[in-house]
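Since the structure comes first, as structure tokens, the remarks are kept for the end.
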Amino acid sequence: MTRMLTITRRALMLAGTAAFGLSAAPALAQDGWPQQPVNIIVPYPPGGNTDLIARTLAEPLSEVLGQPVVIENRGGAGGTVGVGEASRAEPDGYTLVVGDIATMGINPHVYDNLVYDPLEDFDPVIQITSIPLVMAVGPRLEEVADLPDLIARAKEDPEYIDYASAGVGTAQHLAFELFRSLAGIEALHIPYQGSAPARTALMSGEVGVMIDGTVVPMIKDGTLRALAVTSEERVAALPDVPTVREQGVDMVYTSWHGIMAPKGTDPEIIETVNGALDEILGRPDIRERFEALNIGLVGGSPEDFTAFVTEQAGTLGELVEMSGASRN
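Going letter by letter, the sequence shown gives residues -29 to -1, 1 to 299 in mature numbering (1 follows the signal peptide of the UniProt record, and there is no 0).
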């Protein structure tokens, strides 16, 4: 049975080529919101994918809303610190948070004492991204020709593969465990404290392979070599790299990000933020910037995102159980 973590892609193109102007701006919410800066909490340190996504969208969102959009990095405990802080914020529209596959999909199944509930404590606003991951090998496995070759070598020697991740229960960990299960191979998991040290270990030859969404620049400069992408179709950033499915393993897996508001936020405010970001995500220049980084943009309604997060809660719970990720 096919195991898939994916979404139906939506066409998010602007109707016509006219530049965005005041006439296209969404109507302001009741009482003239916003009347002060809007804060978006990024529950990770600066420099990662989540931070990059938020900062790229903050400037155009500020222009549309007519107020500064301030990014606040609140890293710690796998994103739970920042998301927990957002869950306790006033539901007045002035505090939003970037939720992702880890904080809103995986963590509820990994942490026993999680201080928030993704749907009980938040109102989903809009899905921002769907990010295919890339399986890459470093110098340790430079002899591997392609994905079928990696699988064949692993079946001959169950100790052949060790793989890096950003930590137990992270998107990278679950992706490789799903692949390992479907391919029928063994692999040793080597968790690190975040994607950056995991990538460093892969590039240095400390570990052999990794599935991650941030390795595209290292692949393009020849530091790492891509074996497969986990998307349903090949990606524009790496058009010559086949999908996992093309190479005989029936797997699709994507990471994701979205904007959420504290539960009880005025629906008119949610609609205003949703409409602004949905338009921004459809701009050709924004799409091109993200496409170059292997980041797909989604958009859609608050209801779309609510249904998606609900579906992911069940699917990711099954993956956490299969992976053996311990609860903390």
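C-beta: ideal position from N, C-alpha, C; glycine also.
Check: Can you tell me the Cβ-Cβ gap for Ala135 and Ala172, rounded? I've got them flagged as a contact below 8 angstroms.; Outcome: 5 angstroms
Check: Could you check the C-alpha separation between Gln7 and Glu56 for me, to the nearest Å?; Outcome: 20 angstroms
Check: List in chain order: all unbroken alpha helix (DSSP H) runs of 4+ residues lying wholly within the region 147 to 196.; Outcome: 166 to 175, 187 to 191
Check: Reducing DSSP to helix, strand and coil, say where Ala(-6) ends up.; Outcome: Here Ala(-6) scores only 41 on pLDDT, less than 50, and its place in the model should not be relied on; the value that follows carries that caveat. The answer is helix: DSSP assigns Ala(-6) an H, G or I state.
Check: Once DSSP output is grouped into helix, strand and coil, what is the label at Gly271?; Outcome: coil
Check: With 16 other CB atoms within 10 Å as the buried threshold, where does residue 328 fall?; Outcome: There is simply no residue 328 to check, as the chain begins at -29 and stops at 299 in what is shown.
Check: Determine, using beta carbons only, whether Ala123 comes closer than 9 angstroms to chain B.; Outcome: Note that chain B does not occur in the displayed structure, where there is just one protein chain.
Check: Flag this pair as yes or no: are the beta carbons of Met248 and Leu23 separated by less than 9 angstroms?; Outcome: Position check: residue 248 holds Leu in this sequence, whereas Met was assumed. No.
Check: How many Å lie between Leu(-8) and Gly285 at the Cα?; Outcome: Its pLDDT being 34, under 50, Leu(-8) is placed unreliably in this model, and the coordinates cannot settle the point.
Check: Sort Leu287, Arg170, Gly165 by Cα distance to Pro16 and report the nearest one.; Outcome: Gly165
Check: Thinking Asn78 and Thr51 are a contact (beta carbons under 8 angstroms), I'd like their distance in whole angstroms, please.; Outcome: 6 angstroms
Check: CB-CB under 6 angstroms to Pro(-4), same chain, minus the five flanking residues each way: which ones, in chain order?; Outcome: Here the model assigns Pro(-4) a pLDDT of 47, short of 50, so the residue's position is not dependable and the matter cannot be decided.
Check: So which of Thr74, Ile99, Ile102 has the shortest CA-CA distance to Asp92?; Outcome: Thr74
Check: Sort out for me which residues DSSP pairs Thr100 with in a bridge.; Outcome: His228, Leu268
Check: In the DSSP assignment, find the alpha helix (DSSP H) that holds Gly246 and state where it starts and stops.; Outcome: 238 to 252
Check: Mapping the DSSP letters down to three states, classify Pro119 as helix, strand or coil.; Outcome: helix
Check: Just reading off the beta strand (DSSP E) that Glu43 is part of, what are its end residues?; Outcome: 40 to 44
Check: Name the DSSP beta bridge partners of Gly49, please?; Outcome: For Gly49, which the question treats as bridged, DSSP gives no partner whatsoever.
Check: Pick out whichever of Leu67, Val180, Arg258 has its Cα sitting closest to the Cα of Glu148.; Outcome: Val180
Check: With 16 as the cutoff for other CB atoms within 10 Å, does Ile(-23) come out buried or exposed?; Outcome: In this prediction, Ile(-23) scores a pLDDT of 34, lower than 50, which makes its location untrustworthy; no coordinate-derived value is stated.
Check: In three-state DSSP terms, what is Ile132?; Outcome: coil
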